[in-house]
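Report on the following structure.
Residue numbers (this note's numbering), protein chains in the order written: chain R, 1495 to 1689; chain U, 313 to 472.
Printed below as a string of structure tokens:
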């Protein structure tokens, strides 16, 4: 009887882990590739631990992406614009800092420019409905926050488990490697960043 | 998600490249006559001229727009946008240097950022080794990588 229970437990665990992985890769591979273009950037900061990321953050939140607004910044010479996307995030909890509203605006580089979607290769745009943990800098001149270190400061929650962005792009190596988080529980993650 | 990246030992290829009529020489436009842009281009040209099959390939002016501007605290110091492409061929590219984020960078460090973005112009993708195409400013600066390394030049040599 005891052996049967252990066997059942192993089978159920394998099924759950399989479902989690399927979800992870589905989320970011459903994007229509045909009209996408890529952007490459040189990242200013490199974080090697969650603790460093937490200490450097102005605000850390757990939330859900409610809506998406594209905006473009025309460069000084007017030759083109650089695309950005503003996301309205519904805040579920604040892990660090103070936020006066129940939503916050977060910006990412990349977005829609002349009907073409541009994305940073190692920092795909968030999507409506994404449940995320975001390590944010101070609100800047456009009234929004940027994510610290781009993909390094963004984690996705799937089925109450936390994944780093590097985990969602298995085909490439990633700047998030030293922060790789693969399916740890939300409680463990919050314990880690505060430890 | 995007074009398949070919990763070799010390360099990675984005899969995008210039048509042969454009790359001999590849032209860039220095929007603000910023001397470090010329300096980064010179570093690339110097390396390419020493590479047997690339002796006639260089960056001069006009096909790549390079401009410093203030984009705020975005987390990136340089950005490369391949705006016009035909299939997997570049037609026109932009490089912007974020003056906000490079405010406290030394000239060598700024040159490293510009040279890194020029590397994308050639069709190189990111690597996480001790080379110019490492996307982390921190990694490059702490290893004194301010100009193309042999692996970066080999990467360009494998394309053209």
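Ideal Cβ positions, reconstructed from N, Cα and C, are used throughout, including at glycine.
Proximal chain R residues relative to residue i, where beta-carbon distance stays under 7 Å
i	result
residue 411 of chain U	Ordered by position in chain R, no residue passes the 7 Å Cβ test against residue 411 of chain U, which lies about 10 Å from the chain.
residue 347 of chain U	The contacting residues do not exist; residue 347 of chain U stays about 18 Å from chain R at best.
residue 425 of chain U	1536
residue 456 of chain U	In chain order: nothing, as chain R lies at least about 16 Å away.
residue 356 of chain U	Per Cβ cutoff of 7 Å: no residues; residue 356 of chain U is ~15 Å from chain R at best.
Within chain U, the residues that residue i reaches when beta carbons sit closer than 7 Å
i	result
residue 1533 of chain R	391, 392 and 393
residue 1675 of chain R	Those do not exist, as residue 1675 of chain R stays about 18 Å from chain U at its closest Cβ, beyond 7 Å.
residue 1567 of chain R	383
residue 1540 of chain R	448, 450 and 451
residue 1631 of chain R	385
Chain-ordered chain R contacts of residue i [CB-CB under 8 Å]
i	result
residue 384 of chain U	1634, 1635, 1636 and 1640
residue 447 of chain U	1534, 1535, 1536, 1537, 1616 and 1669
Beta-carbon proximity check, residue i vs residue j, cutoff 8 Å
i	j	result
residue 1640 of chain R	residue 1601 of chain R	yes
residue 1654 of chain R	residue 1559 of chain R	no
residue 1635 of chain R	residue 379 of chain U	no
residue 355 of chain U	residue 459 of chain U	yes
residue 352 of chain U	residue 426 of chain U	yes
residue 1557 of chain R	residue 1599 of chain R	no
residue 1537 of chain R	residue 333 of chain U	no
residue 331 of chain U	residue 401 of chain U	yes
residue 450 of chain U	residue 1671 of chain R	no
Close Cβ partners of residue i (< 6 Å) along its chain, the five nearest in sequence each way excluded
i	result
residue 1564 of chain R	1579, 1605 and 1606
residue 1555 of chain R	1585, 1588 and 1628
residue 384 of chain U	412
residue 1668 of chain R	1616 and 1660
residue 408 of chain U	379, 381 and 391
residue 405 of chain U	376, 394 and 433
residue 463 of chain U	322, 323 and 443
residue 423 of chain U	348, 351, 352 and 458
residue 346 of chain U	380
Own chain partners of residue i with C-beta closer than 8 Å, once the 5 adjacent residues on each side are dropped
i	result
residue 1551 of chain R	1590, 1591, 1629, 1630, 1631, 1642 and 1647
residue 1622 of chain R	1559, 1560, 1561 and 1562
residue 1676 of chain R	1657, 1658 and 1661
residue 1626 of chain R	1556, 1557, 1558, 1559, 1583, 1620, 1648, 1649, 1650 and 1651
Residue i in three-state terms, based on DSSP
i	result
residue 1522 of chain R	For residue 1522 of chain R, the predicted structure reports a pLDDT of 43, less than 50, and the residue's modelled location is therefore unreliable. The matter cannot be settled from this model.
residue 1615 of chain R	coil
residue 375 of chain U	strand
residue 1674 of chain R	coil
residue 1642 of chain R	coil
residue 431 of chain U	helix
residue 352 of chain U	helix
residue 1538 of chain R	coil
residue 444 of chain U	coil
residue 453 of chain U	helix
residue 1669 of chain R	coil
residue 1608 of chain R	coil
residue 468 of chain U	helix
residue 1684 of chain R	helix
residue 1651 of chain R	strand
Cβ neighbours of residue i in the same chain (closer than 7 Å, five flanking residues each side left out)
i	result
residue 419 of chain U	348
residue 1613 of chain R	1530, 1532, 1533, 1604 and 1619
residue 435 of chain U	325, 326, 328, 329 and 471
residue 388 of chain U	410 and 413
Proximal residues of chain R, C-beta to C-beta of residue i below 9 Å
i	result
residue 429 of chain U	1534, 1535 and 1536
residue 322 of chain U	Going along chain R, no residue has its Cβ under 9 Å from residue 322 of chain U, so there is no contact; the nearest lies around 13 Å.
residue 406 of chain U	1569, 1573, 1574 and 1576
residue 434 of chain U	By Cβ distance, chain R contributes nothing, its closest Cβ being about 12 Å from residue 434 of chain U, past 9 Å.
Within chain U, the residues that residue i reaches when beta carbons sit closer than 8 Å
i	result
residue 1612 of chain R	393
Beta-carbon neighbours of residue i, restricted to chain U and to distances below 9 Å
i	result
residue 1644 of chain R	386, 387 and 388
residue 1597 of chain R	None at all; the shortest Cβ gap to chain U is about 21 Å.
residue 1579 of chain R	By Cβ distance, chain U contributes nothing, its closest Cβ being about 12 Å from residue 1579 of chain R, past 9 Å.
residue 1603 of chain R	383, 386, 387, 388 and 391
Cβ contact check for the region 322 to 329 of chain U and the region 394 to 410 of chain U: 3 or more pairs under 8 Å: yes
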